[in-house]
Every structure is written in structure tokens, then in C-alpha cells.
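Step one of this worksheet: look at the structure below.
Protein chains: 4
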Amino acid sequence: MIRTVLIGAGSGASYFLAGLEKLKAREIQPVGIPLVNYMKAHRPEDIDVVAVYDVDNSKVGRDMYSIASKLSPFSSVPRTLKDIVVSRGLHCGSLRGLDVDASGLEDALGSPQQALEEFISELVKLKPDVIVNVITTEPMRFVESEGEFVKLASTCSAGATLAYAYAASEYSLRTGNPVAFINLTPPAAANSPGVVSRFERAGALVLGDDAATGATPLTADLLEHMAERGRRVLSVAQFNIGGNTDFLSLTEPERNHSKEVTKSSMVADILGYDAPHYIRPTGYLEPLGDRKFVAMHIEYESFGGFRDEVIVNARINDKSNLAGLMASIVPVAKSLLERGVHGSYATVNRFYMKMPGPRGTKNISKIVAYQDLLKELKKLDII
Amino acid sequence: MIRTVLIGAGSGASYFLAGLEKLKAREIQPVGIPLVNYMKAHRPEDIDVVAVYDVDNSKVGRDMYSIASKLSPFSSVPRTLKDIVVSRGLHCGSLRGLDVDASGLEDALGSPQQALEEFISELVKLKPDVIVNVITTEPMRFVESEGEFVKLASTCSAGATLAYAYAASEYSLRTGNPVAFINLTPPAAANSPGVVSRFERAGALVLGDDAATGATPLTADLLEHMAERGRRVLSVAQFNIGGNTDFLSLTEPERNHSKEVTKSSMVADILGYDAPHYIRPTGYLEPLGDRKFVAMHIEYESFGGFRDEVIVNARINDKSNLAGLMASIVPVAKSLLERGVHGSYATVNRFYMKMPGPRGTKNISKIVAYQDLLKELKKLDII
Amino acid sequence: MIRTVLIGAGSGASYFLAGLEKLKAREIQPVGIPLVNYMKAHRPEDIDVVAVYDVDNSKVGRDMYSIASKLSPFSSVPRTLKDIVVSRGLHCGSLRGLDVDASGLEDALGSPQQALEEFISELVKLKPDVIVNVITTEPMRFVESEGEFVKLASTCSAGATLAYAYAASEYSLRTGNPVAFINLTPPAAANSPGVVSRFERAGALVLGDDAATGATPLTADLLEHMAERGRRVLSVAQFNIGGNTDFLSLTEPERNHSKEVTKSSMVADILGYDAPHYIRPTGYLEPLGDRKFVAMHIEYESFGGFRDEVIVNARINDKSNLAGLMASIVPVAKSLLERGVHGSYATVNRFYMKMPGPRGTKNISKIVAYQDLLKELKKLDII
Amino acid sequence: MIRTVLIGAGSGASYFLAGLEKLKAREIQPVGIPLVNYMKAHRPEDIDVVAVYDVDNSKVGRDMYSIASKLSPFSSVPRTLKDIVVSRGLHCGSLRGLDVDASGLEDALGSPQQALEEFISELVKLKPDVIVNVITTEPMRFVESEGEFVKLASTCSAGATLAYAYAASEYSLRTGNPVAFINLTPPAAANSPGVVSRFERAGALVLGDDAATGATPLTADLLEHMAERGRRVLSVAQFNIGGNTDFLSLTEPERNHSKEVTKSSMVADILGYDAPHYIRPTGYLEPLGDRKFVAMHIEYESFGGFRDEVIVNARINDKSNLAGLMASIVPVAKSLLERGVHGSYATVNRFYMKMPGPRGTKNISKIVAYQDLLKELKKLDII
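Chains as they are written, first to last, in the numbering used here: chain X, 1 to 383; chain Z, 384 to 766; chain S, 767 to 1149; chain G, 1150 to 1532.
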């Protein structure tokens, strides 16, 4: 059993929980879960979600069956999700500016400090192995030192993601039970030196940041393909449009910028030069739902100076992708913990994340990252 | 200097020779040449083409300046190509059925045996390090044993590619100077056990088969991308249409079939199951010239059983690709010879070829093949 | 009521019948039916299918509920289709070479003449207004004179489509009740002078040939778009791949050629010059089912001699398209009959057909054809 | 001869002037010019550009040879363009916020009123038949009444386009020589009731607004194609990215909004309902230059409720398109003037413009607009 806490009761959690139950019931095949055919230490079916937190008042107190019935397109949602009721978590202003009626533990208890203490004490009861953060994209932040991390996070001054990360590290420190905190959203957890060093000290693990779903991994691998052929990439344009709240929230410039940063670093990292590019979530179009439309255009020069082009169009269900990554990284994180890995772990982050921590980690292509991952997980006897 | 003989004075040779001269003259950048930034033992600029062979009567006796001016789209073709005059090679019926006025040494000398002897004696004078075969696609053939190879090839009964390969092996055996024979066309040289074992015995090297140009390497890497995400590929359709003689000759069913075979093995090899696919050169459309149009559709299932799709469209100049591969593999082959590598060499073939020999070699994705190649060439101190 | 006989109990008939029943029951909206918002004389809901004919032994004697359940993707097929049982029709070798166990009335009764007499006498009982032909694509044929038509069709020597057309004309002649025979398949009915003149004499109507479904109408309108801008189209490539029996049967060269002819005439007709093109059903890929994948590439020159390109990719359900056309053209045909229109009718054919009859009819773009159609049907007080 | 004044010495003017000279010299074919094969009254070759105005200080005083050499990709620009020197025009703040060193006649002369008088007196000397406005996109404005038009435009308070339009109308009123003012940019000239009524009174002609170049006409015709088949369009996404100053200036939200408005009205006008859509210039990517990349995704429902999709990708040279439209509409406008047409003219605007005036004009598809245009121009004996 992998005791798992989910932060964020949105579509990602809905796809994940519904899919997981179906997987356990053998109603669906283990498709879309990286490494699943290799896993031996722990497997997706071992995941036991012991709590889900959110701050959206329309979700807190409701069960995941009713939420997943609304937020996922499964023709039937497993009724076992009725047993998972959403708890109130930390807000720290993370939904500010969006059209959501939200309140956090800090609103109920009067101060961020009390809210954090309450949340930590709930963790003590839940005894999680893994905490997975899939809340709505917040504006980007970094914390440089442990001191800054403790100071800002404990007062809710660095957003919800860092507050949750802080709670996770405190839980590990206080109980001596190391936890893995997996940040699948853009704010810098595994990319903040202050956060990583705190987890290091706690013997705990922070993985992140920003799950590599959607078109970005595909772009990375296409760029690797170009680079290996020695082609000179002249320009990269990539558009994304979707119909879920992710895209709605990204129409807020600050949040969009946060996404843009995590996507753009890879161009120079993979090609070795910063080819002109425009890679950005572009718009919101309600009928597309979770199946976003992606269009990409890459123009390049090949031997002799001749110009060619590759155009990619895709319909991609980001949420199904995300849920599959969750089903893969949770067992991996649990195994890493058991083998004493702590701090952060670049080899894992490079495959699963758009902005792999710790800071300074090169954003290599996903296929190359995967080969390295295979090798290292084999060495650790995880796969 | 890498003394190099080209078999085939078509567009591939034209792009290669014109590009190479421009590269030596620093008129163009070394773009589109795999590994070029790593090479230390030998480099593309070291290639010295000492002879070009063909059987097309409109080419034999003409210089490569006039041929490349017609067959390549460079705005200016280097006048140094006037020094390379096309010699008559072996026909062995390789252009049968196509609208080309061709005759080989066997027609001039009366028998295949005499033609081969003549060709081998020319090699003895030319002292090549590397022989590169880029003739028009012939129907597919395999030879199982050395005996079969010697018997069929020496009588021109297994097509021109195998006859040239035989001559290369004979040259190595007789002179003790091992040569590398690089087969960039579909017939099975490196995939024929009889050929590989003959080269093995001669201390020589045969690399092949069928240069990995065009859309096939891209398809391979896209399939790898899918496989690593655990997605279930439901179908793959890939169309190709171009306007050069390659596409014209592929309207002949036998030659088309030859291409189809080399492209299809990879689906099962990369995915681990044989997803339904249609991957085939599709038609001829004159105005496209060398810049073929490729359309690809991949439908797949991801976590939870949801269906997504990726559509790729590309304009790809196969000949520029091919010339870049030639500029890369020739120095590599020379370095391998110097380090005593003989027989065939799967690690190299897996990256550069569509149907990597020797027979039984798994057709892995190009990005993975490239990672392995980097590692092995480093070990051999070639890069 | 429009008494309608369907020839062909395949997927086209299945989509049409199931959709029609759902439309009558107001379970679906009248979507995908050209002109539906204009129709006043007769409407799709007025169609009454009184018989369905086929020669596939696995279909004859079965009801359309069980057939449509297998051949259409509706989540529920209306049970009212249980009342429509497939009758045995004329074979005339139309399925020769395909893997279908088929026998026609001529096999049961001993001769084509007796089969035709039997079929005509069934028509006399059925009193159809409209007969719609949607059998599997046969090789292309033309008949030049009435004499040739009568001679070949009455002996089953010109395929099933022409035999059915002959029966329809005989029915009209003998009973004085003119019928509309709508040929939605490639063989030349409305394009055969002999057929049209026979219908003319019978006061009956023959519409055809080859329903304008799939990518062809889209290509036509894109070419019109180019032409109106004065652009010079340099090349047109269009690929099609699908997973139903249509595509399977088109892997037979003769049937494929039949399709190719009906698609290619439009390039010169719309552009005014025969731009190089490759427009052809390309392959069979089972998992695509009825939703074929289409890829199209158009390169053109615009003002100043600059080159641009348009690439279209589509997933198109041909059968849903076809069924929508059927629901539109049947009421139109009935109205035309009532207004005394006989022979053939180019204005209708130009919009609904890929190869509009009568012979010599220009294959204009669909948008232009539609504008003309609107105008003429208004004049005739049909819409 | 058609005496023509160009407002705006940017790439549009450069392509147009260079192309026109090449056309007159028979160096290029009359490709990309709508109606060119029909024109009989006047033809593109009759256009005589008598003046070009701009306010960019790096352009004023320079000749169009040097400007077109920089702004157009012709391999050679006709030296006859050396004779056309750019004059200083009206600024009216039209380039405010963009990184251009600009000053208008009002800066030189001290007031907008004096600037306008000066410009009008230059027109009196130039005796133009046609004035074509192709300045950089300004924010959108409308003027309701003639009074408002005169008051705002004469004081430079409604942007440069309206100031030029005002000058054109004044010129016509004062000299009795009616001029055609063709507004190929988004601000509402032909869509402002006050402007149209002023031109009406002056016996002059105002055509506009916003030239139908790029992907918008294609989108219009695709939507018409869908509508005629009775399909229900579920969503339309259209992205545009380019590398010229148009796209750079559109990164300014106000100017972008202006473009968005002119593109969006057509969805409801053509389909009859406002299908959810996102149609917008999306970004700037320098290496694309004038050949912008367009991606479009249309999802729709067809008969039976099944979903299909069409995806379009295009490389489109907007400036070549624009120049071709200019070469077409100038002779048409001259002919209309000669036949006494004044005010505005919806039939012409509907084909050539994205936002056809006068206000209230339905934004029908381009193919339908073209058919109407053909008919009306024939009636007027212009073609």
C-alpha cells in the first residue's frame, strides 16, 4: 500500500481516482502509465488515496464520486469514490483573481500559522507516503534559502504549493517518517534551492516541477530528433487551445507566464542554441473540453542549406496524460523513499517534469531522459 | 583523406558532392550532418571522392558538375566537380523496367565475370577506403550463405548492389586492404548472412541497409515517444509523395514492396506489438521534386482508455538528408576500419539505416540508437 | 410519403435507416442534411423505405435492425428497423473478386432475363417513387445508346447498377408511373447517354453518379477558392485511408480506377487548367472504420510569383455524409418528379455527385453548384 | 491610366509596386489577381502610382526602390521604382506606442488643419482616380454621422485612416472629380455611416474595410462548405503567427482587438449561429517573415450526430495576397467611378474585405460573394 494524499480535487484528481479504481477492478488496461510494464517494487494498483484537499467551497465536503462524475468523461465513475470526501486545505491566495468561491483553513482558523499546524497534524494522522500536488496553476515563485522558505511558506506568503511543500517537510522532520512531495504544477518547489535543502535535511523527497503532459514532451522529442540529425532549427511555433479551467485560468497573464517559462527553457537545452520560438498556451475554447488542440510548426535547415518543415497537429487529453503520470510516479517515489533517496532527484524529474529540479538541471529530451531513468531505476532495483 | 568511391551518379551523389565542395570551401555550414560536432578522428571535409560509377548512358562519361547542375537545386554548383567524370559500372539488370537507357561493364565486356574482374581491378588502382552505394532502389533480395553470395553476385544474378558488395569484398581479400562498403539502398547487403560473413572473413566492413532518410526516422521516434508514455497505438497511417525518380521508380510494385518491408519492421520492434499500420511510399507528383510531402496519422489510447491523435505533415528533402548522412557515415566507417571493426556493425546501422543489419538486429527508435552510438563511438575513441 | 427502395444493405443504408428513424422520433436533430432548412414540398421525415435489396447471402432475409447494429456506430439502433427485411436483388457479377458469398435473383431463377422480370414485377407491387443505389463500387462502365443499354443491362452484362437502372426505366415505361433512380455509386448511369435517353423516354429521372461525400467536395471548394484569387495551383496531393469495406474493395485496382476517374475530372473543370495532381483512395487500415483519414497538400503561386501552401487533414465519416445526402436528395427527387422533370438534371447532380451527369456536365465547385441549386429549386417552388 | 495614390510605404506597397512593374515588363504572369482574366474596362497594367505617402522618418524622402529592396523578397526589384519618392503624410498618432520614429505633416506645419489642407492641395495637383490606404493597423474606430466625421477627422482625432478618407472626400467635393478611397485596413471607413454619407454627397466612392487576405477568406469558405452540407459546427480555432511588423504591432492589445473584430463577425453571418470560436492573430516569430503560419481546427457534427474534424495548416504570404488584391480592386474601383457608382458598394466589399461596409452588410463567404460580384460587374459591363 502506498498511502497517498492528493492536493487539488480538480479534473486531474478525477481522472486519476476514477482510472485507478477501474484499474484495480480490472475494468481498464494499464495503458498510458509510463514504466508500468517494468515496475516490480510497487505498482499503480498499490496506491491508496487516503485524503484529498481543496479550497473550492463547491468541492470541500463533497465526495470524489460526484466531483469526478462532473469533471471526467468516463461513461461510469466507480462508486467506491463516494468514500473519498474532500477536506479543506490551504488557500494562501492561490485562486485569487479567478472566478472561484474559495476559502482555506487559514480563513477558518484565523491565521496561516494555525492553518499550517492543523494541516500538519492531519498529516500526522494520515501517515502519507506520498503527497501529490495538482492544484490550479499559480504565478511562478522561487525561494533561495531554507530560511526564506520557512519564513515565506509558513506565513502563506509564497502561495499554496510552497505552503503544502513546507507542511510536508515539517511532517517528515517532526515524525521521522520521510514523505515524497510531488509537485506537478509550475511554482518552483523542486527548483527552489531552499525547498530542496529543507527536504534533504528532513530525509524526505521533493519531485517537480510541472508535470510533463500535453505537447511539451512531444516538442522536446521532436527537437532532439532535429538536433541528432545536425539540422539547424530556424523557428518553432507551438499553439495550444483547450476548454477546461486550466486554459481559462491561463488567460490570466501572470499564470500564463508561469507556464511559458517552464516550456521555453528546453529549446536551448536540447538544441544547444536558443532557436527563435513561440511556445505558449494560446486560448480558451469551451467545447474542446480536456482534449486540447495543439498545432506546431518547426522550420529547419538541412545539409546544403535547404529548408524543410514539420507540422504537427494533435488532439491531446492533458488530464488523461496527467493521471497516467501520477499512476507512474507515485509508486516510483515510494520506492525511492524506501531506498533512502532524499532531497530531489534529477533523473526522475527530467522525465516526468517540464521544469526538472533541482535548479540547474538540464532540460533534455524525454526519450533521452527515459533511457537514463530506466538505467538508474534498474540500478536501484526499482524496476 | 578518406578515399571514397560512389556508386550511383543520381541526385543523392549530386547533393553530396556539391555540398561537400561547398563545405570544404566554407561556403556552407556543416548543417544536417549527424555527429559532426563530435567527430575527431575523421571529418566530412576529409572525404575525397576518387570515382563515381553509374550505368545510365546519359551519365557515363559526363562530369559531376553538369550532372549536379541538373539534379540538385543549389543556386551554384562548385566547378571543381568538373574533375569528377562518371565511370561505367555494373548493371546486373538493376534498372530493368525503368525508362532509362543503361548499359553496364558486362554489356561492354561480354560477361558478368569479366565485368567484375574489370571493376575489381579498377578498385585496386583507386585504393578506396569507403565505397558508398546509392543506386536506384532495386527489388529486395537476400543471400543466406557465403557460397550463395559468391555464386549469385559474381554472375550478376542478385542485382547490382550485391555485385558491387561482392567486388568490394574481393578487393579486400585480394589486396589485404579492408574497405567499408556502405549500402544506402534497400537490397539486403548488411542483412544477408552470406554477405556479412564474407566481409568478416575479408576483414572488411559492410554497413546497411537503406539509409534512414525521410519520414521513417521521425515515425520511429514518434512511436518511441508513445511507447515510453505507455500509450497503446491503435493505428499508424503514413503517406509519402514526391517528384523525383525515386518515386517514379517506386510506382513499380516490386521496388515499392522493397521499401515497404524496410519501413514496417520498426512498428513491432519499437512498440512491442504490431499495431495496425499502413506505411508506404504512395505516389509520384512531379512538381514536388526532391521535397516530398509526408502525412502521418497516429491514433492512440491513453490512461483511462481515452483516444487521442497526432497528425504530422512534413516537407522533407530526402536527397539533402541522404547527403548529410553520407557526410557523417563515411568518416565514421573509415574510423571503424582503422580500429579493426569488421563484418557488420549493428550500433552504427541502427542509427543510419531503415533496415539495420545484420539480420535479427532490432529496429529501435533513432533517438535511442543515437544514444547508444554516442556511447560506443566514444569508447572506440572515434568521437 | 415518399415510397423509397434502397439497393444495397451496407453501412450507407444502415446509417441512413437508423438516422432516419431517429429523426422521425426526434431523437436527433436534422444535422448534416443539405437544404433541410429550406425544404417545403417534401422533407426527410416523409421518406418511407418500402424495401431494401442486396445479394450478400449473409444479409438477404435478415432485418435491417441486426444489420445496422453491426454496421453503424449508433449507440442504439431503432427497433423499428426490425420490420425491414432484406430482399434478394440482382448480382450481375458486381461483387466478383471480393470476399463475399453472394447470389442474385439470376442465380435463383436461372437467367438474367427472368431475374429482371421478377425484380420489375416486385417494383410494380412496391410502387416506389424513388430508388436509391448504394451498392459496393463496381468497375466503371458507360453505355452510349439506348439500344446498347437495353441489350447489355437486360442480360446483366453491364453490372448491377445498370441492370437496376434498366429495371427502374422499364417499371416507369410499363406502369406509366415515373420513378427517380438515384445512382450514388461510380458506374455511369446519369453519365451514360443511353441511360439518360431511356429515362427521358420513360418520363422518369436518373440522377448521378457517385455521391459527393468525403474529401472530394472539400477539395473542389478549396480549388475554387484558389481559382477565384487568381492563384496558380502547382500541385495537388490527396490521400485517403479508411477501415471499412469500401477501402478494402478499392484495393482492387479496377474499382480504385473507377473512383479515381470520378475525382480527377474536377481539377481541370474548376481551375481551367489541369494542374498536376494525385487524388486517390490510398489504402485500407482497419481500425479507422468509417472515419477515414484524409491528407491533402496544395502548393500554389500567388502575386509576384511567390509560393504558398495549404495542408488539410481531416477525419471524415463517409457513411454519415452519404446518409445525410440520401436524406436530402430523396425528397428533392420526389419533388422534381412531381414537377415533371425527366431525363437527368445537371443542376442537382453538380451539387450531390462527384461525376455529375449527363455526360459533358462541367464539374464545378460545390459552393457554386449549391448557389445554382438554391436558385433553380426556388424557381421550381421546391424550396 | 489609373492615377493612383498609395498611403503607406510598407511591405504591402513594396510587393505591389515591384510586382506591378514586373507585370508591366511582362517579367511575371498576372497570377494572384482576382478577376484578372475577366477585366476589360481597365486592367492592372493600367495602374499608374503617382505618389506614395508615409510618416515613418526612415521612409519619407527615400525612393521605393530602396524600400522595396528591403521589404520584399523579390530577387530583383525593378529600378523604375527609383522614380517614386515617399512623401510625408498625416500621422494623427497612428503609430503611437510602436517603436517607429514618425512625424506627420501636422508636426511640420503646426496643426492638423493645416496638414489636411496641405495634403488636399497635393491631391489637387496629383489628380488621383484612386487612393489606397495600406498603413499599419490602427485601433478600431467608428464615426456615426457626417458631422462627427468632419469634426473628428479634420482635427486628426479619429486616426490617420479617417483623416485620409476625409481628405479624399474633400478633394472630390472641392474639385468635382470623384475619387475612390479604398481602405484595406481595419478602422471603419466604409463601415462608418458618417463616412459613407460624406462620400455619397461628394459623388465619390469609399470601399472597405480590411483587405481579405491571409486565412480569413479560407475560413469563410470552409464555413460555407460546412453550412451547405447542413453540418453543425461545434468549434473553430484559428491561429496565426508571422514575422513582419504587422504581427509585431498586433502584440499591442488594442490593435489586435481591431483585427479580431473584423474576423469574428463572419462566423455567425455564414453559419447562421455563433459557433464557439477563437480566431485571432496569435504571435510574432521573426524568422517567419511575411510567410505566416496558420493553423485551424474545425470540429463539427454530421448526420446521425457523429463528430468529424477538419484541420488546416498553411503558409501564407499576406503581403503577396494583399498586393494581388490591390492590383485587382484598383481597376475595378476606377471602372465603378466611371459608371457613376458612389457612396460605398457592398458587392465589391463583400469579396475583397474582411469587414465589408456599409455597416449592416452581411459577411457572406468569399465564394458566394465572388459569384455575386461576377454577376454585378458583368451587368455594369466592367468585366
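Glycine included, C-beta positions come from ideal geometry on N, C-alpha and C.
When you compare the CB of residue i with every CB in chain Z, is at least one pair closer than 7 Å?
i	result
X:ASP83	no
List the residues of chain Z whose Cβ lies closer than 8 Å to the Cβ of residue i, in chain order.
i	result
X:ASN321	ARG612, SER685, PHE686
X:ILE270	Within 8 Å Cβ-Cβ: nothing; X:ILE270 doesn't reach chain Z, min ~11 Å.
Name, in chain order, the residues that DSSP records as bridge partners for residue i.
i	result
Z:LYS745	Partner(s): none; Z:LYS745 has no beta bridge.
Z:PHE689	Z:SER685
Below 8 Å on C-beta distance, what does residue i contact in chain S?
i	result
G:HIS1374	PRO983, LEU984, ASP987, LYS1132, ILE1133
Z:TYR656	Simply none; closest approach about 13 Å.
G:ALA1337	Ordered by position in chain S, no residue passes the 8 Å Cβ test against G:ALA1337, which lies about 25 Å from the chain.
Starting from the C-beta of residue i, find all residues in its chain whose C-beta is less than 7 Å away, skip the five residues before and the five after it, and write them out in chain order.
i	result
X:ALA68	SER14, LEU17, ALA18, VAL77, LEU81
X:ARG315	ARG291, PHE293
S:ALA929	LEU856, CYS858, LEU882, ALA919, CYS922
G:ALA1518	ARG1499, PHE1500
S:GLU966	HIS1108, GLY1109
G:ALA1369	MET1415, ILE1419, SER1514, LYS1515
Which chain G residues are close to residue i, counting only those with a beta carbon under 7 Å from its beta carbon?
i	result
X:HIS297	PHE1442
X:PRO276	LEU1434, GLU1435, PRO1436
Between the alpha carbons of residue i and residue j, how many angstroms are there, rounded?
i	j	result
X:MET39	X:ILE382	7 Å
X:LEU271	X:ILE311	18 Å
S:GLY925	S:PRO952	12 Å
G:SER1102	G:VAL1344	No information on residue 1102 of chain G is available, as it lies outside the stretch 1150 to 1532 that chain G covers here.
Z:TYR554	X:MET355	55 Å
X:ALA215	X:SER365	13 Å
S:ASP1074	X:ILE2	56 Å
X:GLU286	X:PHE247	9 Å
Excluding sequence positions up to five away, which residues of its chain have a Cβ less than 6 Å from the Cβ of residue i?
i	result
X:LEU373	THR347, PHE351
S:SER1094	ILE799, PRO800, LEU801
S:GLY1090	GLY798, ILE799
If we cut at 7 Å on Cβ distances, does residue i have a partner in chain G?
i	result
S:TYR781	yes
S:ARG964	no
X:ILE120	no
S:TYR1136	yes
S:VAL896	no
What in chain X is Cβ-close to residue i, meaning under 9 Å?
i	result
G:ALA1386	PHE239, ILE241, THR282, GLY283, LEU285, LEU288, PHE293, ALA295
Kindly say whether residue i, judged by its beta-carbon, lies nearer than 7 Å to any beta-carbon of chain S.
i	result
Z:LEU617	yes
G:PRO1183	yes
List the residues of chain S that residue i touches, going by C-beta distances under 7 Å, in chain order.
i	result
Z:ILE694	ASN1079
Report the neighbours of residue i on chain G: residues whose CB is nearer than 8 Å to its CB, in chain order.
i	result
S:PHE840	GLY1453
Would you say residue i reaches chain X, if we count a Cβ-Cβ gap shorter than 7 Å as a contact?
i	result
Z:GLY707	yes
Z:ASN440	no
Z:ILE829	Here chain Z comprises residues numbered 384 to 766, so residue 829 of chain Z is not present and cannot be evaluated.
Going along chain C in order, which residues have a C-beta closer than 7 Å to the C-beta of residue i?
i	result
X:ILE182	In the structure shown, chain C does not exist; the protein chains are X, Z, S and G.
Please list the partners that residue i has in chain Z, where partner means a Cβ-to-Cβ separation under 7 Å.
i	result
X:ALA51	Here the premise fails: no neighbours, minimum Cβ distance about 22 Å.
X:ASN317	SER685, PHE689, ASP691
X:GLY19	PHE686, GLY687
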